[in-house]
Structure formats: C-alpha cells, structure tokens
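Take a look at the structure below.
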Amino acid sequence: MKILVTGGAGFIGSNLCARLLDEGHTVFCVDNFITGSIENIQAFIDHPNFTFLQHDVTQPFENDAEVIFHLASPASPVGYLEHPIETILVNSTGTHRMLELARKNNARFLISSTSEIYGDPLVHPQREDYWGNVNPIGPRACYDESKRLGETLVMEYYRQYQANVRIVRIFNTYGPNSAIEDGRMIPNFITQALKNAPITIYGDGNKTRSITYVSDLVDGLMRAMFSPNTAGEVFNLGSSEEHTVLEYAQMIIRLCNSSSEILFETSRVDDPERRRANASKAQEILGWQRKVSMEDGLRQTIEWFSKRIAQYSTVS
140 MKILVTGGAG FIGSNLCARL LDEGHTVFCV DNFITGSIEN IQAFIDHPNF
190 TFLQHDVTQP FENDAEVIFH LASPASPVGY LEHPIETILV NSTGTHRMLE
240 LARKNNARFL ISSTSEIYGD PLVHPQREDY WGNVNPIGPR ACYDESKRLG
290 ETLVMEYYRQ YQANVRIVRI FNTYGPNSAI EDGRMIPNFI TQALKNAPIT
340 IYGDGNKTRS ITYVSDLVDG LMRAMFSPNT AGEVFNLGSS EEHTVLEYAQ
390 MIIRLCNSSS EILFETSRVD DPERRRANAS KAQEILGWQR KVSMEDGLRQ
440 TIEWFSKRIA QYSTVS
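Here it is, written out as structure tokens:
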C-alpha cells in the first residue's frame, strides 16, 4: 500500500517507517526536522520503496496515499516549549490539511494523540472516556490543548464526512531513535547515567509513570490502523505497569552500572502526579499486548544510547 507518514523522521515515526518497509509497503515520509532527525531515517533512506520530503505539513502538498499516519508534532517538553506556536499549528492546521488529503483520497487516517490530553488526571488508570484535567493556559497547553483540538477535528471528519479515521493516545514511550537531548524521563536518565553525571529528578521522585517500548507502540499503531471496524474509535496505547520516577532512575543506574547520584530539583509546572494507561480497549478490540519487558526494553535502549553518544563524542 502507499502510506504517508508525517513526522516520519521523529522518534516514533522513524520506527513506524522501518516497520512499514519491512512489511513491503511503499512509504512516503514527510518531516520538517524541527524535532526529527535525518539520522533516524538514514538506515533506509535509499530503500527503493522509501521517499522523503522535507516539508512543513501546515503548508499544502499533494500525495496519493491510501493510508495516512499523522504523527507530525513536537512531543517532548524540550520540543514544544521551544516551539509552542509551531506545535499548535501542526496539531490544528496540519491536522486539518491531512484530514482533507485523507478525504480527497478516501484514505485510512490515524492521528497520534497523547496521554497529555488527560492533563494531571484525577482518575487512575485513565480510560478513553475520561475527559481529563488540563490547564488550558499553562506553558504545556500548547501541546495538550492543540492535541485535544486535533482530536476534535478528527471526530468531526468522522461525523460530517464518514471519514475512515481513528485516534491513538500514546503514553510514555522509549527506545531507539529518541533524541539524546529529548528532555523526557527515560532519555534524560539514560544519558546522564551513561556519563556518570547526576540524574535529575523534578520533584521528590514519587510521581508515577508507565512506559512502553517503541516496537510495542508501533505494533499498536499498525493494529489500530488496519484492524477492521476501528473507524471513529479512540485507543489508549500504554503499559499498565506503574513505577515511581525514582524507581526508574534507580533501575537505570543499575542497568548502566553507573556511579550517578540523584539530584532532586523543583517540579515542572503542570507535570502530572500520576500517569497510567488503561489499555483494555486496545487489548480487547485490537488484540494488542506488550511483548517487550521493561528491563529488556531498557537494556536495548541503553545499548542504542551508548552507541549514539559514542558517535557524537567521536565527531566532536
């Protein structure tokens, strides 16, 4: 099939492109490199079924895709706090353009939304029918609220035009192709531990998160897109295994055989206290299950980060 992946040079997008190519699809990848990287697609950039276009999806372009994965958007605090307006526009104008392309092509469409639409949740674990607890004018709102607006656009295309669309809310994901300076918990902790630098925890370490290895997340995206009877549906994709931030830091120090100390700093504004997915809907309808254990996933991620940091050190 002809498949368009926006944000395809990003962390999740590049892993998705690799999976699609492995399955024999023709992949058209679009990215403007605000937060994506050419390094993420270097391994398959010369693949005969792969085409790359450096482009901002808020601006017009034509494509004859039969399937559209709309992943374009800064997704880490570092990215969206540096580019707040661009984040709002890609999740509103960019989403609108991709929905119009899907309608024109009669294409399947999936938007990658986020667990951030739940804000600082008051219900645990979070189900798809929970509306969230979001600060609409805080510094993180450029991401949280624009993703919520993107979801609204998607559902209106489903209701107004019977478009073949679905929404996936992605919880904390980790693995190869994360940016070294990503700013999120797992990349930060691994980078600091490998350098034996102090590991920075914002707050007292008692906040909780559940993390999913990127290959499992990509499998969920594939199932949501291609499983029957998923049009108009919303799916959480995330692990139900919940640990404190301090526990993640301690585990990564152990797996890296690091001498890092733990440094506690002031908590970030609007950073949620707990975040845990209820993915029972994806399990029941899509047959999605996590396959990679947390320890195995962290070991693979640490190995990848170790090689990437060594490459950067050699270049510099």
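Residues in the sequence shown are numbered from 140 upward in steps of one, following our numbering.
Every residue, glycine too, gets a C-beta built ideally from N, C-alpha and C.
I256 is not a Cβ neighbour of R323, given a cutoff of 9 angstroms. Boundaries of the alpha helix (DSSP H) around F150: F150 to D161. Annotation: the continuous alpha helix (DSSP H) that includes D283 extends over A280 to Y300. In this structure, I325 and Y313 form a Cβ contact; the two beta carbons are roughly 4 angstroms apart against a cut-off of 8 angstroms. Rounded to the nearest angstrom, the gap between the Cα atoms of L288 and L356 is 23 angstroms. Here K286 is buried. Its C-beta has 16 or more other C-beta atoms within 10 Å. Judged by pairs of C-beta atoms under 8 angstroms, the stretch 242-249 does not touch the stretch 394-412, as fewer than three such pairs exist. Per the coordinates, the alpha-carbon of E162 lies some 13 angstroms from the alpha-carbon of H186. Distance from G277 to D410 at the Cβ level is roughly 10 angstroms; contact not present, criterion being Cβ atoms closer than 8 angstroms.
Taken through DSSP and simplified to helix, strand or coil, H209 comes out as strand. The bridge partners DSSP lists for S252 are R308. If one requires a minimum length of 4 residues, the alpha helix (DSSP H) runs lying completely within the stretch 351-384 are 353-365, in chain order. The beta carbon of G147 sits closer than 6 angstroms to those of C156, C168 and D170, all from its chain and outside the five residues before and after it, given in chain order. F183 carries a helical assignment under DSSP once its states are collapsed to helix, strand and coil. The residue from Y297, G344, Y300 and I391 with its alpha-carbon nearest to that of F403 is G344. Checking the DSSP bridge columns, you'll see K141 partnered with T165. Across the set S153, G377, E412 and T440, the C-alpha of G377 shows the shortest separation from the C-alpha of E267. Bridge pairing for F191: C168 [DSSP]. The residues D321, G322 and R323, in chain order, have a CB closer than 7 angstroms to that of S215 in the same chain once the five nearest residues on each side in sequence are set aside. Of the residues F183, N368 and A211, the one whose Cα lies closest to the Cα of V196 is A211.
A direct Cα-to-Cα measurement between N274 and E412 gives close to 14 angstroms. In this structure, F150 sits near N179, with a CB-CB distance shorter than 9 angstroms.
If you draw a straight line from the Cα of M364 to the Cα of A241, it is about 13 angstroms long. Close CB contacts of F328 within its chain, under the 6 angstroms cut and outside five residues either way in sequence, are with I338, A388 and I391 (chain order). In this structure T291 is exposed. Its beta-carbon is surrounded by fewer than 16 other beta-carbon atoms within 10 angstroms. S153 has its alpha-carbon roughly 11 angstroms from the corresponding atom of I184. The distance from the Cβ of L143 to that of N202 is about 5 angstroms, consistent with a contact at the 8 angstroms cut-off. Judged by DSSP secondary structure, Y269 falls outside any beta strand (DSSP E); it is assigned neither H nor E.
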